[in-house]
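J.: Before I ask anything, here is the structure I am working with.
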Amino acid sequence: MTHEHEKIKAYLRKDLPVRFDFREEVTSTNTLLKQIGAAGEAEGYVMVARRQNSGRGRLGRSFLSPDSGIYMSVLLRPKMPVTEAVRITCAAGVAVAEAIREVTGREAVIKWVNDVYFSGRKVCGILTESVLSGDGSIDYAVLGIGINLETPEGGFDETIQNIAGAVYEGKAPEGAREQLIAEVWNRFFTYYEDLKSPELSKKYRELCFLTGRDVLVYETTDGQSIGKPARVITVDDDFGLTVRYESGETETLVSGEVSVRTV
Ligand code: ATP
Ligand code: BTN
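Just so we're aligned: 66 in numbering that gives the first Met the number 0 is position 67 of the sequence shown, and the numbers increase by one with no gaps anywhere.
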């Protein structure tokens, strides 16, 4: 067992159904786990990398992954239709926000649907990718979590300078990396046992900082779209974002179909 593994195990719930695979540099932990999933691996395989050279976000966007961060993915085999996969992303969002709070003592919040913010900056992105079996159910899903643990040397890349932040400005204290990794999985697997629990939706709703805020809603399918002004009313139990437009009309937005920016 590596030193890192031992330190994580010290914080990890003993009954957790996970197996760790530590890597130095990878293309993308999501990409590699999709291959491992296709080869038939069982649920609970976790890959943790020091850095990624092709880290991915949604819609082919990139997630910059220098060695100041935590990049990890887990292979899951949930028995649910793909339309419910958003629950995995949201459970991970709650797990990360709570883990950051546990380790730092300071509040982290969620930007619907898949980002965690800390001190007004994005410190974590979450990407769930599902692979379907013939009948349209999920064969396996890969949940990927990228956390900016520390500020990279020389600062964040200029392309993300205005949005990205780190859990620790400068260096993280000894043990914080391992504790954060363990606390994320401890919490995630508790929520994963019952992704339809109203308690999970309630926690997500309470952590989501968009409620009451004015936003612009973009149709992500159309790169040229103009944001439509709206006010966020709430997040419903299915993790849809309910907004009211200036016309007075309300709509519940489904993740993956739209993108929301605060104004
Ligand atoms: P949206 O707000 O449209 O829902 P998103 O913020 O969830 O999008 P993705 O579509 O998943 O983002 O794409 C990843 C985005 O994350 C990139 O466009 C980039 O702006 C940002 N990003 C990339 N690397 C980092 C990082 N290390 N830390 C914080 N943000 C990053
Ligand atoms: C986002 O920013 O909205 C999603 C980013 C997801 C990044 C993580 S890092 C670990 C895993 N591997 C990837 O290539 N992406 C995810």
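The beta carbon of each residue, even a glycine, is placed where N, CA and C say it ideally should be. Values in this document were obtained by computation on a predicted structure and should not be read as measured data.
Taking 6 Å as the line, does the beta carbon of T28 fall inside it for any heavy atom of the ligand BTN?
T.: To locate residue 28, count along the sequence shown from 1; it is residue 29. For the ligand BTN, at least one heavy atom lies less than 6 Å from the Cβ of T28.
J.: Going by C-alpha to C-alpha distance, which of K13, Y10, C89, R76 sits closest to D236?
T.: Working through the sequence shown from its first residue, we reach residue 236 at position 237. Nearest option by C-alpha distance: C89.
J.: For K78, does the three-state DSSP call read helix, strand or coil?
T.: On the sequence shown, position 79 is the one that residue 78 refers to. Residue state, collapsed to three classes: coil.
J.: Grab the span of the beta strand (DSSP E) containing F188 for me, first residue to last.
T.: Residue 188 sits at position 189 when you count from the first residue of the sequence shown. Here F188 belongs to no beta strand (DSSP E); instead the alpha helix (DSSP H) covers 175 to 191.
J.: Assuming V102 and L179 make a contact with CB atoms under 8 Å, what is their CB distance in whole Å?
T.: As a working note, residue 102 is residue 103 in the sequence shown. As a working note, residue 179 is residue 180 in the sequence shown. The pair is a contact, with the Cβ atoms about 5 Å apart (cut-off 8 Å).
J.: Would the beta-carbon of D28 fall within 7 Å of that of A48?
T.: Taking the sequence shown and counting its residues from 1, one reaches residue 28 at position 29. Taking the sequence shown and counting its residues from 1, one reaches residue 48 at position 49. It is Thr, not Asp, that sits at residue 28 in the sequence shown. Cβ distance < 7 Å, so T28 and A48 count as in contact.
J.: Tell me whether R176 counts as near the ligand ATP, meaning its Cβ is closer than 6 Å to at least one heavy atom of that ligand.
T.: Within the sequence shown, the letter at position 177 stands for residue 176. Not so, every heavy atom of the ligand ATP lies at least 6 Å from the Cβ.
J.: Taking contact to mean at least 3 C-beta pairs separated by less than 8 Å, is the stretch 125 to 132 in contact with the stretch 15 to 23?
T.: Too few Cβ pairs lie closer than 8 Å, so no.
J.: For Q34, which of helix, strand or coil comes out of DSSP?
T.: Taking the sequence shown and counting its residues from 1, one reaches residue 34 at position 35. It is helical.
J.: Is the beta carbon of T112 sitting closer than 7 Å to the one on S254?
T.: As a working note, residue 112 is residue 113 in the sequence shown. As a working note, residue 254 is residue 255 in the sequence shown. Here residue 112 is Val; the residue named in the question, Thr, does not match the sequence. Contact flag set, yes.
J.: Can you tell me where the beta strand (DSSP E) holding E128 begins and where it ends?
T.: Within the sequence shown, numbered from 1, the residue matching residue 128 stands at position 129. First-last of the beta strand (DSSP E) with E128: 120 to 131.
J.: Pick out whichever of R204, E250, R230 has its Cα sitting closest to the Cα of G211.
T.: Taking the first residue of the sequence shown as position 1, residue 211 is located at position 212. It is R230.
J.: Helix, strand or coil, according to DSSP, for S53 in the structure here?
T.: The residue given as residue 53 occupies position 54 in the sequence shown. The answer is coil: DSSP assigns S53 none of H, G, I, E or B.
J.: Straight-line CA distance for G226 to I159?
T.: By 1-based counting over the sequence shown, the position of residue 226 is 227. By 1-based counting over the sequence shown, the position of residue 159 is 160. For G226 and I159, the distance between alpha carbons rounds to 20 Å.
J.: Using DSSP with H/G/I as helix, E/B as strand and the rest coil, what is I146?
T.: Reading the sequence shown from its first residue, position 147 is the one you call residue 146. DSSP places I146 in strand when its eight states are reduced to three.
J.: Measuring CA to CA, which of E173, R260, L63 is closest to G154?
T.: For the purposes of this step, residue 154 is taken as the residue at position 155 of the sequence shown. Of the candidates E173, R260, L63, the one whose C-alpha sits nearest the C-alpha of G154 is L63.
J.: Give a single yes or no on whether G145 has its beta carbon closer than 6 Å to a heavy atom of the ligand BTN.
T.: Reading the sequence shown from its first residue, position 146 is the one you call residue 145. It does: the Cβ of G145 is within 6 Å (strictly closer) of some heavy atom of the ligand BTN.
J.: Is the CB-CB distance between Y139 and G36 below 7 Å?
T.: In the sequence shown, residue 139 corresponds to position 140, counting from 1. In the sequence shown, residue 36 corresponds to position 37, counting from 1. Their beta carbons are under 7 Å apart, which means Y139 touches G36 by this criterion.
J.: Exposed or buried, which one is T1 when buried takes at least 16 other CB atoms within 10 Å?
T.: Within the sequence shown, numbered from 1, the residue matching residue 1 stands at position 2. Classification of T1: exposed, given that the 10 Å Cβ count is below 16.
J.: Reducing DSSP to helix, strand and coil, say where I87 ends up.
T.: Taking the first residue of the sequence shown as position 1, residue 87 is located at position 88. Helix at I87.
J.: Give me, in chain order, the residues of the same chain whose beta-carbon lies closer than 8 Å to that of M79; leave out the 5 immediate sequence neighbours on both sides.
T.: Counting from one through the sequence shown, the residue named residue 79 turns up at place 80. Only R86, S136, I137, L194 meet the Cβ criterion.
J.: Which one of V45, E97, E3 has the shortest CA to CA distance from E182?
T.: Position 183 of the sequence shown holds residue 182. Ranking the options by Cα distance to E182, first place goes to E97.
J.: May I have the straight-line CA-CA distance separating Q34 from V141, to the nearest angstrom?
T.: Here the question's residue 34 lines up with position 35 in the sequence shown. Here the question's residue 141 lines up with position 142 in the sequence shown. For Q34 and V141, the distance between alpha carbons rounds to 10 Å.
J.: State yes or no: is the C-beta of A84 within less than 7 Å of the C-beta of S132?
T.: In the sequence shown, residue 84 corresponds to position 85, counting from 1. In the sequence shown, residue 132 corresponds to position 133, counting from 1. Result no, Cβ atoms of A84 and S132 do not sit closer than 7 Å.
J.: Return the first residue and the last residue of the alpha helix (DSSP H) that Y10 is part of.
T.: Working through the sequence shown from its first residue, we reach residue 10 at position 11. 2 to 10 is the extent of the alpha helix (DSSP H) around Y10.
J.: In this structure, does DSSP put A229 in helix, strand or coil?
T.: To locate residue 229, count along the sequence shown from 1; it is residue 230. In the structure shown, A229 sits in a strand (DSSP, three-state: E or B).
J.: Relative to the C-alpha of E218, which candidate in V242, V73, E256, L15 has its C-alpha closest?
T.: As a working mapping, residue 218 is identified with position 219 in the sequence shown. The shortest C-alpha separation from E218 is found at E256.
J.: Buried or exposed: where does N52 fall if 16 or more other Cβ atoms within 10 Å of its Cβ makes it buried?
T.: Residue 52 sits at position 53 when you count from the first residue of the sequence shown. Answer is exposed; the Cβ neighbour count stays below 16.
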